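In what follows, a single structure is set out as structure tokens and then discussed.
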Amino acid sequence: MDLFLNLASWGASDLLLRKMQNLLMVLDFCQALRDGNKLAQMEEAPLFPGESIKVIAKDVMYICPFMGAVSGTLTVTDFRMYIKSVERDPPFVVDVPLGVISRVEKIGVQSHGDNSCGIEIVCKDMRNLRLAYKQEEQNRLEIFENLVTRAFPVSNGLSLFAFSYKEKFAVNGWKVYDPIVEYKRQGLPNESWKISKINSTYELCDTYPAILVVPTSVKDDDLSKVAAFRAKGRVPVLSWIHPESQATITRCSQPSVGPNDKRCKEDEKYLQTIMDANAQSHKLIIFDARQNSVAKGGGYESESAYPNAELVFLEIHNIHVMRESLRKLKEIVYPTIDETRWLSNVDSTHWLEYIRMLLAGAVRIADKIESGKTSVVVHCSDGWDRTAQLTALAMLMLDSYYRTIKGFEVLIEKEWISFGHRFAMRVGHGDDDHADADRSPIFLQFIDCVWQMTKQFPAAFEFNELFLITILDHLYSCLFGTFLCNCEKERLKEEVSTKTVSLWSYINSQLDEFTNPFYVNYENHVLYPVASLNHLELWVNYYVRWNPRMRPQVPIHQNLKELLAIRTELQKKVEDLQREAATRSISSSSDRGSSPSHSATPVHTSV
1 MDLFLNLASW
11 GASDLLLRKM
21 QNLLMVLDFC
31 QALRDGNKLA
41 QMEEAPLFPG
51 ESIKVIAKDV
61 MYICPFMGAV
71 SGTLTVTDFR
81 MYIKSVERDP
91 PFVVDVPLGV
101 ISRVEKIGVQ
111 SHGDNSCGIE
121 IVCKDMRNLR
131 LAYKQEEQNR
141 LEIFENLVTR
151 AFPVSNGLSL
161 FAFSYKEKFA
171 VNGWKVYDPI
181 VEYKRQGLPN
191 ESWKISKINS
201 TYELCDTYPA
211 ILVVPTSVKD
221 DDLSKVAAFR
231 AKGRVPVLSW
241 IHPESQATIT
251 RCSQPSVGPN
261 DKRCKEDEKY
271 LQTIMDANAQ
281 SHKLIIFDAR
291 QNSVAKGGGY
301 ESESAYPNAE
311 LVFLEIHNIH
321 VMRESLRKLK
331 EIVYPTIDET
341 RWLSNVDSTH
351 WLEYIRMLLA
361 GAVRIADKIE
371 SGKTSVVVHC
381 SDGWDRTAQL
391 TALAMLMLDS
401 YYRTIKGFEV
411 LIEKEWISFG
421 HRFAMRVGHG
431 DDDHADADRS
441 PIFLQFIDCV
451 WQMTKQFPAA
461 FEFNELFLIT
471 ILDHLYSCLF
481 GTFLCNCEKE
491 RLKEEVSTKT
501 VSLWSYINSQ
511 LDEFTNPFYV
521 NYENHVLYPV
531 ASLNHLELWV
541 NYYVRWNPRM
551 RPQVPIHQNL
561 KELLAIRTEL
571 QKKVEDLQRE
581 AATRSISSSS
591 DRGSSPSHSA
601 TPVHTSV
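Reminder that position 125 of the sequence shown reads as 125 in UniProt numbering, one-by-one numbering, no gaps.
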């Protein structure tokens, strides 16, 4: 305006003044447009390669249980639900992978006006979300329908997002596990055990891997008869062998004894062969994960049919009990926490008690192998839930290799993925049937047990807490193909390893993020965690992480990352000093010529 007054005082024409005004209006408009674009860019969701936006809605209200209502822009893609409010500084963001969603329901939101409606979103990772928006919004149906369609693609005839994800990583995680390489690491095959390809076409057992380790002397015909006697054809096969005693962990399903106590001589002979493969012991311990009363109603190995075997029941509850326990746990941790009854509320869920029972069972298995030098057989009903929990935990206790990052990835690939834990069924990937009785937090319990071990042995594991949380996050996310499908046969049919990205590609491309700075390689050292409630605690950083009042102000993994950098720097200084000392020693020896030689004592460090 001052410019116009000056121009007028200088005798500028009206035409020139009007042109100048128009020019400034255009400049103001362009600036506003740029600011608007900048604002729009700030509100846009970040997209992965292969991810596409399906719907965008303005002025959607996120009803935060801790901060109150937050207004922002909602973006639904084929992978995530993304809410961002730029009204706050820093911007407020809610970023939820659609695979995490268990249920989507329409609700009324009376507190936001008569013509408001809302959506309640129940998640599998211990949180719920509520959204509100105006009913007259043209795309209100589009919001709900896109959320439902994209959160449950399998139920709507669509593919999971993992098959669209196109990120490239420096490491190929699909090459982490090679069964032949892993069995060779264990010293197999040997005189007593052979690597068999009888299941190469999945005809012996369609939920087992193609490559199995079985006793050398067993014939394929007999193995087929054993498969017919064991539930789902899941014959006893080797999971792990002790490098010295040759005591083994074998896994299977329950025998199909039936109400008439049916017997199978091939199965009885087969278990005898497993026992005979271990010259250190004349007994075989069969750990039945189930409760005694339940197993007696199904199938179990009787002493009369298996005279050299001792049957031990571990009294672990079934998938339905575990699902209910997690439901109760979620109720007490989100959205509010009753501080006055916190301990009693946690106790009432029985979650830690079930974690204790799993750890106690695995300790008994590991102790029989290590101290008793006795081979063990582990099974539950079908051999893909409690069996996987127990064998994997026992192997983690016995074998320090599995306590490294790569070794733990191999353990999951081997004992869980290749041996047919029903991930798709237990997690419900892309399925809208939230009440499905087959869903259960079996793998979550295993990871919780591992976390409990890292708390008791903080220097024994190469990986940190973020590593475990990342695994659980992507158990649900459907971003990677690692946990998709129910068995190896299904994954081969869906071409998972060629059409999706492995979670291990992501993790192994940034190992510093997931490395424990306190790690010491206790090679050949067996860990026996204390399986007592006095030594167990609720994993707050996972189960209660969505509550800002329980969240640490500085992320723990950030502190660990800084410590790791300090350790690396100190190690480099130590190595420099060692080289300098060695150089001085050589120089000193040369100066003395013919005098008796001696070398400097090497510098040792446990940093």
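Glycine is no exception: its CB is placed at the ideal position from the N, C-alpha and C atoms. Here the structure is a predicted model, which is why all the values come from computation and not from measurement.
- Bridge partners of T77 according to DSSP: I53.
- Counting other Cβ atoms within 10 Å of its Cβ, M322 reaches 16 or more and is therefore classed as buried.
- In the structure shown, G481 adopts coil according to DSSP, grouped into three states.
- Scanning A162, E315 and L238 for the CA closest to the CA of K194 turns up L238.
- In this structure, I285 is the residue among I285, Y401 and K175 with its C-alpha nearest to the C-alpha of T374.
- Within the same chain, and ignoring the five residues on either side of P236 in sequence, the residues whose Cβ sits closer than 6 Å to its Cβ are T250, C252 and V377.
- Proximity of the segment 456-471 to the segment 502-516 meets the contact definition, three or more beta-carbon pairs being nearer than 8 Å.
- A Cβ-Cβ distance of about 5 Å is found for the pair L212 and S196, placing them in contact under the 8 Å criterion.
- In this model, V100 and A392 are separated by some 25 Å (Cα to Cα).
- Straight-line measurement puts the Cα of D178 at about 24 Å from the Cα of Y522.
- DSSP places Y401 within a helical segment (H, G or I) once states are collapsed to three.
- For D222, DSSP records no beta bridge to any residue.
- At a Cβ-Cβ threshold of 8 Å, R127 and Y334 count as neighbours.
- Taking the CA atoms as reference points, R234 sits about 8 Å from D382.
- W193: member of the beta strand (DSSP E) spanning W193 to S196, first to last residue.
- In this structure the segment 47-66 does not lie against the segment 441-461, because fewer than three pairs of beta carbons, one per stretch, are closer than 8 Å.
- Distance from the CA of N308 to the CA of A435, rounded to the nearest whole angstrom, comes to 44 Å.
- Between L538 and L352, the beta carbon gap of about 7 Å places them in contact (Cβ cut-off 8 Å).
- Straight-line measurement puts the Cα of V312 at about 30 Å from the Cα of I198.
- Between A366 and Y528, the CB-CB gap stays under 8 Å.
- The Cβ-Cβ distance between I56 and T75 falls below 8 Å.
- By the C-beta criterion, the segment 570-588 is judged not to be in contact with the segment 136-156, since fewer than 3 inter-stretch pairs fall below 8 Å.
- The Cβ atoms of K232 and T248 lie no closer than 8 Å to each other.
- Leaving aside the five residues that flank D95 on each side, the residues in its chain whose CB is nearer than 7 Å to its CB run, in chain order, R80 and Y82.
- Segment contact: the segment 219-229 against the segment 266-278, three or more CB-CB distances shorter than 8 Å; contact assigned.
- Scanning its chain for C-beta atoms nearer than 6 Å, with the 5 sequence neighbours on each side dropped, one finds around T454 the residues F461, in chain order.
- In this chain, the alpha helix (DSSP H) harbouring G361 covers W351 to E370.
- For F287, the secondary structure class from DSSP, reduced to helix, strand or coil, is strand.
- In this structure, DSSP gives T248 an extended state, which the three-state scheme calls strand.
- T515 is the residue among T515, E167 and S585 whose C-alpha sits nearest the C-alpha of A565.
- Taking all protein chains shown into account, A394 has 16 or more neighbouring C-beta atoms within 10 Å of its C-beta and is therefore buried.
- Taking the Cβ atoms as the reference, W240 lies roughly 36 Å from D433, outside the contact range of under 8 Å.
- Note that the C-beta distance between Q246 and N278 is below 8 Å.
- For P215, the enclosing beta strand (DSSP E) covers residues L212 to P215.
- When the five nearest sequence neighbours on each side are left out, the beta carbons in the same chain lying within less than 6 Å of the beta carbon of R491 are those of C485, in order along the chain.
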